[in-house]
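Trainee: Just so you know, the sequence shown maps onto residues -23 to -1, 1 to 478 in mature numbering (1 follows the signal peptide of the UniProt record, and there is no 0).
This is the structure I want to talk about, given as structure tokens.
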Amino acid sequence: MHLHSRRAVAVAAAASLALTALGGVAAAAADEPESTPVPIVTPDGALFSYVVNTERAGAAQAALATRAVKRADGVVVQSWPQIGVLVVHSANGSFRQDVVRADRLGAIESVGATRTVSPTEGTPGVDAPEGAKESRSVVGKGQKDSVGGTVDGPSRSAADDPDPGEVTQWDMEMIKADQAVEINPGSSRVTVGVLDSGIDAAHPDLASQVDVDQSVNCTDGGRPDRSAGGWLPTTSDHGTHVAGTIAAAQNGTGIVGVAPGVKLASVKVVNDDGYIYPEYAICGFVWAGLERMDVTNNSYYVDPFMYWCSDQPDQAAAKEAVRRAVEFSTDRGVVHAAAAGNASTDLANNTTDNSSPNDSAAVQRTINSGCEDIPTEFDGVVSVSSLTQAGNLSSFSNRGLGKIDVSAPGSSILSTELDGTWGLKSGTSMASPHVAGVLALLKSAHPRWTPAKLEAAVRAQADDHECTTTTAGPACVGTPAENSFYGDGIADALDAVTARK
């Protein structure tokens, strides 16, 4: 499982194409070394998954690229013309070169493999089980439908007795969510997309919270699968735990989430083997934008690379495709919270990685500043570090001056689990949903605020915290106003519902 709760041939033609100007992805500084190449071997006859990025978004460019894909013996599994990205499967070992040669009108900007192994799901619509849907282009809704009516969520008086688990929820006290819920528990007009392993919608603390109509499964080759229950968890309770922290109901049972009045959408991006490949994340972010969700929580890093390097062709193309998806959803009003990672690493001074690729044999590699943990290091994503009950940085949490935006509780967090149970989990995965909940409260209090304003507010309202030490003893640098452990401070749910600016 590569969620943030725990856890070869160099193709010249494709390389030169993938390293052209990719809008917005970080590039290494001129005086830095190149990252260690990790060639993805794609032998003839072995099925591989690719992203093909077009020069511009739009149906015309997608159509031109689709023709080139077919000429190169590829199958378009999913087309996202809104962002200029095609997800393609091919057993042609030279697909990357061939699709470039077949692109007669120069529609393609970059192409890259998304994983180092063959897709376990096969090619949907081609060799998938009977009844699988054909590949298609998704356009989506023009407007967001009302979610759960137009009234605000339940108030404290909705429950006759306090939820029994509340007395142990030190995390809610730390971010003042226990006080915020008395003032504004969040609006049912606000939806948080939980990009994760699925949500157990039968759980007593979540049954009233999940919006089935907005939920989707993205692990079918990166296509939005709307089949009934496809977005439910199968092999992991991670998404269910995350969901409870965000919005467990205030119903006299179990625990209470940061924003119990808001709605949740289960956006399943984790396959049964525990991987979140780029095409799954792309589907999740675009879907959140198409559905006009308000917030997403992202407690994972995109597999199979812990850090995606802009100076490597395959990695650069996949990284750019995910970035476009994040940008698309942001442009449509979605603000994002993401786990900073559990490698006990200073993201601002990170030069090595020995854990990637994690779907085959990992290699020891040199990385540079153009190698990023995505989505947490993307612009417009609120990156969250993890804290202990004592208020110190969790020993597993990543850190970094200028890399961490805010901090939140993430060690031994009580939340919902499968089969109607509750349990403790630790990780920056557990910290991020606290901030997603605070962002949902901000959106509830200020429904017209843009993602940029919501991001600025959650950072400005965070409680400043001076540098501390951890058991492992990494150095904390910066000031109480902004440092490498806490970012701009500890997220504050009370300010989210009371502050006017």
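Glycine residues also receive a C-beta, built at the ideal position from the N, C-alpha and C atoms.
In this text the structure is predicted, and so the values were computed from the model without any measurement.
1) Which residues bound the beta strand (DSSP E) around residue 195?
2) Given a threshold of 16 other Cβ atoms within 10 Å of its Cβ, counted over all protein chains shown, does residue 61 qualify as buried or as exposed?
3) Which residues share a DSSP beta bridge with residue 274?
4) Can you list, in chain order, the residues of its chain with a C-beta nearer than 6 Å to that of residue 51? Leave out the 5 residues immediately preceding and following it.
5) In the DSSP assignment, what residue or residues form a beta bridge with residue 459?
6) Under the three-state reduction of DSSP, which class applies to residue 290: helix, strand or coil?
7) What is the DSSP secondary structure of residue 135, counted as helix, strand or coil?
8) Sorted by chain position, which residues of the same chain lie with C-beta nearer than 7 Å to residue 9's C-beta, five sequence neighbours on each side aside?
9) Please return the same chain residues whose Cβ sits closer than 7 Å to the Cβ of residue 157, not counting the five positions on each side in sequence.
10) What is the rounded straight-line gap between the Cα of residue 233 and the Cα of residue 387?
11) Helix or strand or just coil, what does DSSP make of residue 127?
12) Whose CA, out of 55, 28, 289, 37, lies closest to the CA of residue 77?
13) Given a cut-off of 9 Å on the beta-carbon distance, is the pair residue 273 and residue 244 in contact?
14) What are the start and end residues of the alpha helix (DSSP H) that includes residue 72?
15) Would you decide whether residue 146 is buried or exposed? Buried here means 16 or more other CB atoms lie within 10 Å of its CB.
16) Would you kindly report the start and end of the unbroken beta strand (DSSP E) that includes residue 330?
17) Is DSSP giving residue 19 helix, strand or coil here?
18) Quick one: is residue 18 buried, meaning 16 or more other Cβ sit within 10 Å of its Cβ, or exposed?
19) Hey, which unbroken runs of the beta strand (DSSP E) at 3 residues or more fall wholly within the stretch 380 to 458?
20) Under the three-state reduction of DSSP, which class applies to residue 472: helix, strand or coil?
21) Taking 9 Å as the threshold (C-beta atoms), are residue 254 and residue 91 in contact?
22) CA-CA distance, residue 452 and residue 22?
23) Since residue 25 is in the beta strand (DSSP E), which residue starts that stretch and which ends it?
24) For the beta strand (DSSP E) that contains residue 156, what are its first and last residues?
25) Need the endpoints of the beta strand (DSSP E) that residue 46 sits in, please.
26) Taking C-beta to C-beta, are residue 203 and residue 55 nearer than 9 Å?
27) If you draw a straight line from the alpha carbon of residue 320 to that of residue 330, how long is it in whole angstroms?
Mentor: Looking at the atomic coordinates:
1) Position 218 of the sequence shown, counted from the start, is the residue given in the question as residue 195. Looking at the DSSP string, the run of the beta strand (DSSP E) that includes residue 195 is 193 to 197.
2) Residue numbering aside, residue 61 sits at position 84 when the sequence shown is read from its first letter. Buried: at least 16 other Cβ atoms inside 10 Å.
3) Counting from one through the sequence shown, the residue named residue 274 turns up at place 297. Looking at the DSSP assignment, residue 274 forms a beta bridge with 171, 314.
4) Residue numbering aside, residue 51 sits at position 74 when the sequence shown is read from its first letter. Counting only Cβ-Cβ distances below 6 Å, and skipping sequence neighbours, we find 65, 67, 72.
5) Locating residue 459 in the sequence shown gives position 482, where the first residue counts as 1. Bridge partners of residue 459: 456.
6) Residue 290 sits at position 313 when you count from the first residue of the sequence shown. Looking at residue 290 - three-state DSSP - the assignment turns out to be helix.
7) Taking the sequence shown and counting its residues from 1, one reaches residue 135 at position 158. Unreliable positioning characterises residue 135 in this predicted model, as indicated by a pLDDT of 40, which lies under 50. The coordinate reading is nonetheless provided below. Residue state, collapsed to three classes: helix.
8) On the sequence shown, residue 9 is found 32 positions in, with the first residue counted as 1. Hits under 7 Å: 345, 346.
9) Translated into the one-based positions of the sequence shown, residue 157 becomes position 180. Cβ within range, chain order: 418, 470, 471, 473, 474.
10) In the sequence shown, the residue the question calls residue 233 occupies position 256. In the sequence shown, the residue the question calls residue 387 occupies position 410. Distance between the alpha carbons of residue 233 and residue 387: 16 Å.
11) The residue labelled residue 127 in the question sits at position 150 within the sequence shown. Legend: pLDDT at residue 127 = 22, less than 50; position of this residue unreliable, no value from coordinates given.
12) In the sequence shown, residue 77 corresponds to position 100, counting from 1. The shortest C-alpha separation from residue 77 is found at 28.
13) Walking along the sequence shown from the start, residue 273 turns up at place 296. Walking along the sequence shown from the start, residue 244 turns up at place 267. Cβ atoms of residue 273 and residue 244: closer than 9 Å.
14) For the purposes of this step, residue 72 is taken as the residue at position 95 of the sequence shown. Per DSSP, residue 72 belongs to the alpha helix (DSSP H) from 72 to 79.
15) The count along the sequence shown starts at 1 and reaches residue 146 at position 169. Burial call: buried.
16) As a position in the sequence shown, residue 330 is number 353, starting the count at 1. Residues 329 to 333.
17) Counting from 1 along the sequence shown, the entry for residue 19 is found at position 42. Three-state DSSP puts residue 19 in coil, outside helix and strand.
18) What you label residue 18 is simply residue 41 of the sequence shown in a count that begins at 1. Answer is exposed; the Cβ neighbour count stays below 16.
19) 383 to 386, 390 to 394, 398 to 402
20) For the purposes of this step, residue 472 is taken as residue 495 along the sequence shown, with counting starting at 1. In the structure shown, residue 472 sits in a helix (DSSP, three-state: H, G or I).
21) Numbered from its first residue, the sequence shown carries residue 91 at position 114. Numbered from its first residue, the sequence shown carries residue 254 at position 277. Yes; because the gap between Cβ atoms is below 9 Å, this pair is in contact.
22) For the purposes of this step, residue 452 is identified with residue 475 of the sequence shown, where counting begins at 1. For the purposes of this step, residue 22 is identified with residue 45 of the sequence shown, where counting begins at 1. Roughly 50 Å between the two C-alpha positions.
23) Taking the sequence shown and counting its residues from 1, the one referred to as residue 25 is at position 48. From DSSP, the beta strand (DSSP E) with residue 25 extends over 25 to 31.
24) Taking the first residue of the sequence shown as 1, we reach residue 156 at position 179. It is not in any beta strand (DSSP E) - residue 156 instead sits in the alpha helix (DSSP H) that spans 154 to 160.
25) Your numbering for residue 46 matches position 69 in the sequence shown. First-last for residue 46: 36 to 48, but that is the alpha helix (DSSP H), not the beta strand (DSSP E).
26) Along the sequence shown, one-based indexing puts residue 203 at 226. Along the sequence shown, one-based indexing puts residue 55 at 78. Taking 9 Å as the Cβ cut-off, residue 203 and residue 55 do not qualify as a contacting pair.
27) Looking up residue 320 in the sequence shown gives position 343. Looking up residue 330 in the sequence shown gives position 353. C-alpha separation (whole angstroms): 10 Å.
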